[in-house]
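2 protein chains.
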Amino acid sequence: MKYAAAMLAAPIAFYFDFSSPYSYIASEWVEALAARHGRTVEWHAMLLGATFQVTDIKSPVSYPLKREYSLHDFERSARFAGVPLKNPEKFPIATQNAARLFWWLHAKSSTTASHWARHCLRAYFARGVDLSDVASLRALAQEFGLDAEQAEAVWNDAQWKLRLKAENDAAIALGVFGAPYFVIDGEPFWGNDRRAQIERWLEKGPF
Amino acid sequence: MKYAAAMLAAPIAFYFDFSSPYSYIASEWVEALAARHGRTVEWHAMLLGATFQVTDIKSPVSYPLKREYSLHDFERSARFAGVPLKNPEKFPIATQNAARLFWWLHAKSSTTASHWARHCLRAYFARGVDLSDVASLRALAQEFGLDAEQAEAVWNDAQWKLRLKAENDAAIALGVFGAPYFVIDGEPFWGNDRRAQIERWLEKGPF
């Protein structure tokens, strides 16, 4: 079936935010899951804060009752997925610098950019490295093999500020209102907890 | 182990709202899942609208971008669970009458009350019966084997209005901010999509 063959080869679009614990958990399984089904992953760094402003949505941790549950659920869901996660002391944080660097790397190699994403997500959620702190982010960039001066110049560069904004606007235009958010064969899936549905889609197609 | 034995025998508290599609989906699997693990289910009818007011939370369908996705996800998640669901034309609806009748039945038999809950949830989400319409709800009560006059008298009775309010306040005090919401051995789980974590908890205990 020509249609199915063409569709099944399509990559998985994966929208994530550097300050989103569920994005972090998903970032740890999405590549292996895609590979098991002959797919690749297109990583899209976004700023959930900007998206929330446009859509009038708030973070789950901004509601008193929901906050306590959510913090508990972040760690439990990580354990359930077998991913090391310790709620960072400072949460959520501003992650535009890490995201701008992502898009700068992406212009050269989308693979390197995805490695940077995983490097940052693990640093923040497993080691407690504060991505919003310039010194910490410079050190992280250096650890990743980048020049810290250049990294800082990139995230202060208007070009990469605009690029991130454009990517965020494009995501919102596509209907992305949260993270992680996946688009597979045009089908949207929101949340780390849609993993089983995503797996079923990849195995057997539309349901 | 005395502790484990006592804990494992504890029932599953299941908080649901008659206008919540994810509650409906969960209502179709929670009894069988509990029984497989030697547990019973304590059904708690609540009004999510009242809870949202107190907690300043909004329904996912009240946000433009989230609304479209959610409506799609309701039906897809139902298909994934093997539960018949067709998004009702009128949604969400006021369900205090069905909930008051639930608590009236509950005072006599919690089992009968849970059957009423399933009867209503199926009627609304599989057959499109509008639970907020008095004539439809009277007919539904009659179909269930109740006297329609008496049913209407119950949901207009101050005693059952107060009882529902008290149950809702108790749920909020317990931390319930959404539905479906489960409490198992003191552990909270929010959402139909926590089914796999609930199953793991029931199988192997805390994780």
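Residue numbers (this note's numbering), protein chains in the order written: chain A, 1 to 207; chain B, 1001 to 1207. Beta carbons are placed, not taken as given, at the ideal position from N, Cα and C, and that holds for glycine.
message = Rounding to the nearest angstrom, what Cα-Cα distance links residue 1058/B and residue 1189/B in this structure?
response = The residue you call residue 1058/B lines up with position 58 of the second sequence. The residue you call residue 1189/B lines up with position 189 of the second sequence. C-alpha of residue 1058/B to C-alpha of residue 1189/B: approximately 19 Å in a straight line.
request  = Count the other C-beta atoms from every protein chain shown that fall within 10 angstroms of the C-beta of residue 1162/B, then say buried if there are 16 or more, exposed otherwise.
outcome  = The residue labelled residue 1162/B in the question sits at position 162 within the second sequence. Its Cβ having fewer than 16 others within 10 Å, residue 1162/B is exposed.
inquiry  = Rounded to whole angstroms, what is the Cα-Cα separation between residue 1117/B and residue 1096/B?
reply    = Taking the second sequence and counting its residues from 1, one reaches residue 1117/B at position 117. Taking the second sequence and counting its residues from 1, one reaches residue 1096/B at position 96. Those two C-alpha atoms are separated by around 12 Å.
query = By Cβ distance below 8 Å, which residues in the same chain neighbour residue 200/A in space, the five residues on each side in sequence not counted?
reply = For the purposes of this step, residue 200/A is identified with residue 200 of the first sequence, where counting begins at 1. The beta carbon of residue 200/A lies closer than 8 Å to those of 207 in the same chain, with the five residues before and after it left out.
ask   = If you compare alpha carbons, which of 1121/B, 1202/B, 1025/B, 1099/B is closest to residue 1166/B?
value = For this step, residue 1166/B is matched to residue 166 along the second sequence. Between residue 1166/B and the set 1121/B, 1202/B, 1025/B, 1099/B, the nearest pair of CA atoms involves 1099/B.
message = For residue 156/A, tell me which candidate among 27/A, 89/A, 138/A, 54/A has the shortest Cα-Cα distance.
response = Your numbering for residue 156/A matches position 156 in the first sequence. Nearest of 27/A, 89/A, 138/A, 54/A to residue 156/A, Cα basis: 138/A.
ask   = So which of 1009/B, 1186/B, 1103/B has the shortest CA-CA distance to residue 1168/B?
value = Counted from its first residue, the second sequence places residue 1168/B at position 168. Here the closest residue by C-alpha is 1103/B.
query = Taking the alpha helix (DSSP H) that residue 153/A falls in, what are its first and last residues?
reply = Indexing the first sequence from 1 puts residue 153/A at position 153. Counting along the chain, the alpha helix (DSSP H) containing residue 153/A begins and ends at 148-155.
Cutoff 7 Å; reference residue 1094/B; Cβ partners in own chain excluding five residues on either side = One-based indexing of the second sequence puts residue 1094/B at position 94. In its chain, beyond the 5 residues on either side, 1132 have a beta carbon closer than 7 Å to the beta carbon of residue 1094/B.
request  = Under 8 Å by Cβ, that's how I've got residue 1022/B and residue 1191/B pegged, so tell me the actual separation to the nearest angstrom.
outcome  = Translated into the one-based positions of the second sequence, residue 1022/B becomes position 22. Translated into the one-based positions of the second sequence, residue 1191/B becomes position 191. In this structure residue 1022/B is in contact with residue 1191/B, their Cβ atoms being roughly 6 Å apart against a cut-off of 8 Å.
query = For residue 154/A, which of 144/A, 101/A, 82/A, 87/A has the nearest alpha-carbon?
reply = Within the first sequence, numbered from 1, the residue matching residue 154/A stands at position 154. Taking each of 144/A, 101/A, 82/A, 87/A in turn and checking the Cα distance to residue 154/A, the smallest one comes out for 101/A.
key: Three-way DSSP call (helix, strand, coil) for residue 45/A in this model   = Counting from 1 along the first sequence, the entry for residue 45/A is found at position 45. Judged by DSSP in its simplified three-state form, residue 45/A adopts strand.
query = What does residue 1190/B reach in chain A if we use C-beta pairs closer than 8 Å?
reply = Within the second sequence, numbered from 1, the residue matching residue 1190/B stands at position 190. In chain order: 69, 73.
ask   = Between residue 1268/B and residue 1051/B, what straight-line distance do the alpha-carbon atoms span, to the nearest angstrom?
value = Residue 1268/B lies beyond the stretch modelled for chain B, which goes from 1001 to 1207, so this question has no answer here.
request  = Using the Cα positions of residue 1152/B and residue 1136/B, report the straight-line distance between them to the nearest angstrom.
outcome  = Counting from one through the second sequence, the residue named residue 1152/B turns up at place 152. Counting from one through the second sequence, the residue named residue 1136/B turns up at place 136. So the two alpha carbons sit approximately 11 Å from each other.
query = Starting from residue 1014/B and walking both ways along the alpha helix (DSSP H), at which residues does that stretch end?
reply = Counting from one through the second sequence, the residue named residue 1014/B turns up at place 14. From DSSP, residue 1014/B is part of no alpha helix (DSSP H) but of the beta strand (DSSP E) over 1012-1016.
ask   = Can you find a C-beta in chain B that's less than 7 Å from the C-beta of residue 86/A?
value = Here residue 86/A corresponds to residue number 86 of the first sequence, with the count starting at 1. No, because no Cβ of chain B sits closer than 7 Å to the Cβ of residue 86/A.
task = Compile a chain-ordered list of the residues in the stretch 1163-1190 of chain B whose CB is closer than 7 Å to at least one CB of chain A.
result = Cβ contacts with chain A: 1175, 1177, 1188, 1190.
task = Measure from the C-beta of residue 52/A to each C-beta in chain B and report whether the shortest distance is under 7 Å.
result = Walking along the first sequence from the start, residue 52/A turns up at place 52. Output row for residue 52/A: interface = no.
query = Should residue 66/A go down as buried or exposed, given a rule of 16 or more other Cβ atoms within 10 Å for buried?
reply = If you number the first sequence from 1, residue 66/A lands on position 66. Buried, since its Cβ has 16 or more Cβ neighbours within 10 Å.
message = As a quick exercise: from 46/A, 86/A, 184/A, pick the residue whose alpha carbon is nearest that of residue 9/A.
response = Taking the first residue of the first sequence as 1, we reach residue 9/A at position 9. In this structure, 184/A is the residue among 46/A, 86/A, 184/A with its C-alpha nearest to the C-alpha of residue 9/A.
ask   = Whose Cβ in chain C lies nearer than 7 Å to the Cβ of residue 1057/B?
value = Looking at the structure shown, chain C is missing, and the protein chains on hand are A and B.
query = Just checking my contact of residue 1179/B with residue 1020/B at CB under 8 Å: how many whole Å lie between their CB atoms?
reply = Indexing the second sequence from 1 puts residue 1179/B at position 179. Indexing the second sequence from 1 puts residue 1020/B at position 20. That pair is a contact at about 5 Å.
key: Beta-bridge partners of residue 1092/B, as assigned by DSSP   = On the second sequence, residue 1092/B is found 92 positions in, with the first residue counted as 1. Answer is none; residue 1092/B lacks a bridge partner.
ask   = Does the stretch 1081-1095 of chain B come close enough to the stretch 1117-1131 of chain B that 3 or more CB-CB pairs lie under 8 Å?
value = Touching, per the Cβ criterion.
ask   = What do you get for residue 1054/B, buried or exposed, if any count of 16 or more other CB atoms within 10 angstroms of its CB means buried?
value = Along the second sequence, read from residue 1 onward, the residue named residue 1054/B stands at position 54. With fewer than 16 Cβ atoms within 10 Å of its Cβ, residue 1054/B is classed as exposed.
inquiry  = If I follow the unbroken beta strand (DSSP E) through residue 188/A, where does it start and stop?
reply    = Position 188 of the first sequence, counted from the start, is the residue given in the question as residue 188/A. The continuous beta strand (DSSP E) containing residue 188/A extends over residues 187-190.
task = Check the Cβ of residue 1196/B against every Cβ in chain A and list those closer than 8 Å, keeping chain order.
result = As a first step, residue 1196/B must be located in the second sequence, where it is residue number 196. Listed along chain A, the residues sitting closer than 8 Å to residue 1196/B by beta-carbon distance are 80, 196.
query = Is DSSP giving residue 1181/B helix, strand or coil here?
reply = Walking along the second sequence from the start, residue 1181/B turns up at place 181. If DSSP states are grouped into helix, strand and coil, residue 1181/B belongs with the strands.
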